[in-house]
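Single-structure report; data block below.
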Amino acid sequence: MSSLKLKIITPNGIFLNSIEVNHVGVQTTAGDLTIYARHTPIVSTLQIGTVKYTNSEGVKYVHVHRGILQVTREEVKLLTPWLYEIDDKGKQIGPKI
């Protein structure tokens, strides 16, 4: 399976810097979207919600507070005002960034 890069940026800095992932799930204002490598390029707005991604360490979840999504064939970029890591039940496990 091909992989793609995930980059998440907040005003406080880079949360994830182009890490290799298998797929990314996001909640956009147009609906839920799962992105795999070689996805059609898009730009969309994010809802307040959960970003789910899978990498070599397993499934990870991040709560984002709106933002912008940019997808190219090789990379997913998320820009959000703030975020924090959550577990699979939605409980905060990391500091607000």
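For the sequence shown, UniProt numbering gives the first residue as 1, with consecutive numbering after it. Glycine residues also receive a C-beta, built at the ideal position from the N, C-alpha and C atoms.
Check                                                                                                                                                              : Outcome
Out of 26, 22, 73 and 2, which has the shortest C-alpha to C-alpha gap to residue 79?                                                                              : 26
So, helix, strand or coil for residue 58, using DSSP?                                                                                                              : strand
Buried or exposed for residue 94, please, with buried defined as at least 16 other CB atoms from any protein chain shown within 10 angstroms of its CB.            : exposed
Tell me which residue opens and which closes the beta strand (DSSP E) that residue 23 is part of.                                                                  : 23-28
I'd like the span of the beta strand (DSSP E) that includes residue 97, first residue to last.                                                                     : Per DSSP, residue 97 belongs to no beta strand (DSSP E) and is neither H nor E.
Is it the case that the stretch 42-51 contacts the stretch 10-23, given that we only count it when at least three CB pairs across the two stretches are under 8 Å? : no
Less than 8 Å between the C-beta atoms of residue 28 and residue 83, yes or no?                                                                                    : no
Helix, strand or coil: how does DSSP classify residue 88 here?                                                                                                     : coil
Thinking residue 59 and residue 6 are a contact (beta carbons under 8 Å), I'd like their distance in whole angstroms, please.                                      : At roughly 13 Å, the Cβ-Cβ gap does not stay under 8 Å, so residue 59 and residue 6 are not in contact.
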